[in-house]
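Top line first, the protein sequences correspond to chains A and B. Position one of the first sequence corresponds to residue 31 (our numbering), numbered consecutively onward. Position one of the second sequence corresponds to residue 495 (our numbering), numbered consecutively onward. As structure tokens, the structure follows; a few thoughts come after it.
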Amino acid sequence: KAGVTQTPRYLIKTRGQQVTLSCSPISGHRSVSWYQQTPGQGLQFLFEYFSETQRNKGNFPGRFSGRQFSNSRSEMNVSTLELGDSALYLCASSFGTRQETQYFGPGTRLLVL
Amino acid sequence: GESVGLHLPTLSVQEGDNSIINCAYSNSASDYFIWYKQESGKGPQFIIDIRSNMDKRQGQRVTVLLNKTVKHLSLQIAATQPGDSAVYFCAEAGTSYDKVIFGPGTSLSVIP
């Protein structure tokens, strides 16, 4: 079974631009969670989607948004990029019906110049 | 201003020795705990999990211990190998399906 895939793997943007990242979960998984990982703040939870609905949300500004499609694929969008948004963005999937292991993708490395 | 980065605790062990990585969790209501391993350039990889109704769980070469009294979690790796070198994260989640909160991580370095 294929693992979680994320595209693109690397991205360079400039301040003020917006970016969209994509995540394809493991087949059959309905929950997708997004995390931001930086050396300064570690792994921080952004939001979680289950059956196309945002079920949980972390403490990030409204510039960070996401959505999930009927096939469970998910996208996250960051608008008006800031230098501090440079990070590794990780997506994790699970069945989502109870406490379960989340399986992570390789991440998208975003650099904001 | 200049940001202060997380100072990752570092553990160095000799190949073949046992490793113990510790973690203090924050929420006494957390019900589910997970250990992840992250190698350079990769996403976190599941190692082992434990629920709050247990105090010990064993996997292949790994054991997780949970002490709810002091909100402490540990990961023991037996016969540590060079391939175990990575950053290890503990994570906690609540009783309902809730967001998973990650600890700051510990960097394990195995000396051949």
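Just so it is clear, CB atoms sit at the ideal spot from N, CA and C, and this is done for glycine as well.
Neighbourhood of residue i by C-beta distance below 6 Å, restricted to the same chain and skipping five residues each side
i                 : result
Val594 of chain B : Ala585 and Ala587
Gly70 of chain A  : none
Cutoff 8 Å; reference residue i; Cβ partners in own chain excluding five residues on either side
i                 : result
Met548 of chain B : Leu560
Gly33 of chain A  : Ile56, Tyr133 and Gly135
Same chain only: Cβ atoms within 7 Å of residue i, ignoring 5 sequence neighbours per side
i                 : result
Thr35 of chain A  : Ser54 and Gly135
Arg93 of chain A  : Val108, Ser109 and Thr110
Ser579 of chain B : Leu602, Ser603 and Val604
Top-ranked residue by Cα proximity to residue i, from the options
i                 : options                                   : result
Gln74 of chain A  : A:Ser81, A:Asn86, A:Phe80 and A:Glu82     : A:Asn86
Tyr582 of chain B : B:Cys517, B:His566 and B:Gln554           : B:Cys517
Glu130 of chain A : B:Trp529, B:Lys536 and B:Leu567           : B:Trp529
Thr44 of chain A  : A:Val108, A:Cys121 and A:Gly33            : A:Val108
Gly137 of chain A : B:Ile514, B:Gln575, B:Gly537 and B:Ser524 : B:Gly537
Thr37 of chain A  : A:Ser124, A:Leu120, A:Pro91 and A:Gly92   : A:Leu120
Asp543 of chain B : B:Gln575, B:Ser534 and B:Val558           : B:Val558
Ser524 of chain B : B:Ile515, B:Asp511, B:Thr504 and B:Thr563 : B:Thr563
Gly599 of chain B : B:Tyr526, B:Glu533 and B:Gln552           : B:Glu533
Phe527 of chain B : B:Glu509, B:Ser506 and B:Ile541           : B:Ile541
Gly553 of chain B : B:Leu569, B:Ile515 and B:Asp511           : B:Leu569
Met106 of chain A : A:Ile42, A:Ser61, A:Arg139 and A:Ser95    : A:Ser95
Ile514 of chain B : B:Arg545, B:Val556, B:Lys550 and B:Asn521 : B:Val556
Residue i classed as buried or exposed, judged by whether at least 16 other C-beta atoms fall within 10 angstroms
i                 : result
Tyr40 of chain A  : exposed
Gly126 of chain A : buried
Val498 of chain B : Only weak support is given to the placement of Val498 of chain B: the predicted model assigns it a pLDDT of 41, under 50, and the question is left unresolved by the model.
Leu51 of chain A  : buried
Ala122 of chain A : buried
Ala573 of chain B : exposed
Thr83 of chain A  : exposed
Gly495 of chain B : Low per-residue confidence applies at Gly495 of chain B: pLDDT is 34, beneath 50, and the placement is therefore not dependable, though the value from the model is reported in the following sentence. Exposed, because fewer than 16 other Cβ atoms sit within 10 Å of the Cβ of Gly495 of chain B.
Gln67 of chain A  : buried
Heavy atom of the ligand NAP within 8 Å of residue i beta-carbon
i                 : result
Ser603 of chain B : Looking at this structure, you won't find the ligand NAP or any other ligand, since it has none at all.
DSSP beta-bridge partners of residue i
i                 : result
Asn561 of chain B : B:His566
Asp543 of chain B : B:Ile528
Met26 of chain A  : Because chain A here runs from 31 to 143, residue 26 of chain A falls outside it and cannot be looked at.
Leu118 of chain A : A:Gln67 and A:Arg139
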